[in-house]
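A.B. asks: Taken in order, the sequence shown gives residues 2 to 185; the numbers are from the working numbering.
Backbone N, C-alpha and C fix where the C-beta goes; we use that ideal spot for every residue, glycine too.
First, the structure itself, so that you have it in front of you.
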Amino acid sequence: MSELSDLYQQVILDHNRRPRNRGKLPTANRVARGDNPSCGDQCCVYIRLDGERITDLSFDGSGCAISQASASLMTTQLKGKTAAEAQALFDEFKKIVTTGEAPEEMSDVAAFAGVSAFPARIKCATLGWHAALGALAAEPAGPAGSTNSASADASANPASAQPAASAAGAEDFGLSITTETHLD
Ligand code: ZN
Numbered sequence: 002m003s004e005l006s007d008l009y010q011q012v013i014l015d016h017n018r019r020p021r022n023r024g025k026l027p028t029a030n031r032v033a034r035g036d037n038p039s040c041g042d043q044c045c046v047y048i049r050l051d052g053e054r055i056t057d058l059s060f061d062g063s064g065c066a067i068s069q070a071s072a073s074l075m076t077t078q079l080k081g082k083t084a085a086e087a088q089a090l091f092d093e094f095k096k097i098v099t100t101g102e103a104p105e106e107m108s109d110v111a112a113f114a115g116v117s118a119f120p121a122r123i124k125c126a127t128l129g130w131h132a133a134l135g136a137l138a139a140e141p142a143g144p145a146g147s148t149n150s151a152s153a154d155a156s157a158n159p160a161s162a163q164p165a166a167s168a169a170g171a172e173d174f175g176l177s178i179t180t181e182t183h184l185d
C-alpha cells in the first residue's frame, strides 16, 4: 500500500509543481470563485460552456498544495464534458475524498483518497470542484465592461459578484462560492 500511496502523492505533487490550465481564460462565459476560509485557499474557475459542453476551462488561485493540485486535476477531468457529466464526476470525487474508497481502476482522481483521513483537507480538495459546479450553475458571464442582458439580477445589483445559488452543497463544506457576471 505504501507504493500506492507514493504514487498518489506523486500525482498531487506533479499537479502542484506543474499546474494544468492555470490562468484566466479570456473566452470564458462562466466564472466562479471559491474561498476556503479555514485554510485560506482561493480558487477562481473559468469555463467556456458551449451549449451543454465544457469546451475549455482554467483555474487561478492560491493556497495549499492540496487545493491547487485538486483544481489543476479538476480542469483536466472536466474538459470536454457536459454539465451533467461534470456533476457526476464531482459526486465520484466527493465520494473518494470523504470515504477514501477509490474506484478499482487506477485514476489520477484516486490520488486524493488519502485526503479522507484529514477532514479539514476535504475542504481544500473540493474547493476547485465546488467553484466549477458553481460556475456551471451561474448566469453567463461576459467580458469586462459588457452589459449582460441575460442576467436580470446582475442589472438590479451593481455588484458583479453574487452568491452561487446552487453550488453543489458547498456550504456544507464550509466553503464560499461566488459567481462573476463580468470578467475583469
Ligand atoms: Zn487548503
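1. Considering just the uninterrupted stretch of the alpha helix (DSSP H) at E86, what are its terminal residues?
2. Give the DSSP-derived three-state secondary structure of L176 in the structure shown.
3. Using beta-carbon positions only, say whether A126 and I67 come within less than 8 Å of one another.
4. Judging by CA-CA distance, which residue of A84, A136, V98 is the nearest neighbour of E53?
5. Can we say the region 17-31 touches the region 44-61, given the rule of at least three CB pairs closer than 8 Å?
6. Please state the DSSP three-state secondary structure of L134.
7. Would you say the beta carbon of N17 is closer than 7 Å to some non-hydrogen atom of the ligand ZN?
8. Tell me the DSSP bridge mates of R34?
9. Start and end of the alpha helix (DSSP H) containing L74?
C.D. replies: Let me spell this out:
1. Looking at the DSSP string, the run of the alpha helix (DSSP H) that includes E86 is 84-100.
2. Coil at L176, not helix or strand.
3. Cβ distance < 8 Å, so A126 and I67 count as in contact.
4. That would be A84, whose Cα lies nearest to the Cα of E53.
5. With the cut-off at 8 Å, the region 17-31 and the region 44-61 touch.
6. Three-state DSSP puts L134 in a helix.
7. Not so, every heavy atom of the ligand ZN lies at least 7 Å from the Cβ.
8. Beta-bridge pairing links R34 to C45, T179.
9. First-last of the alpha helix (DSSP H) with L74: 66-79.
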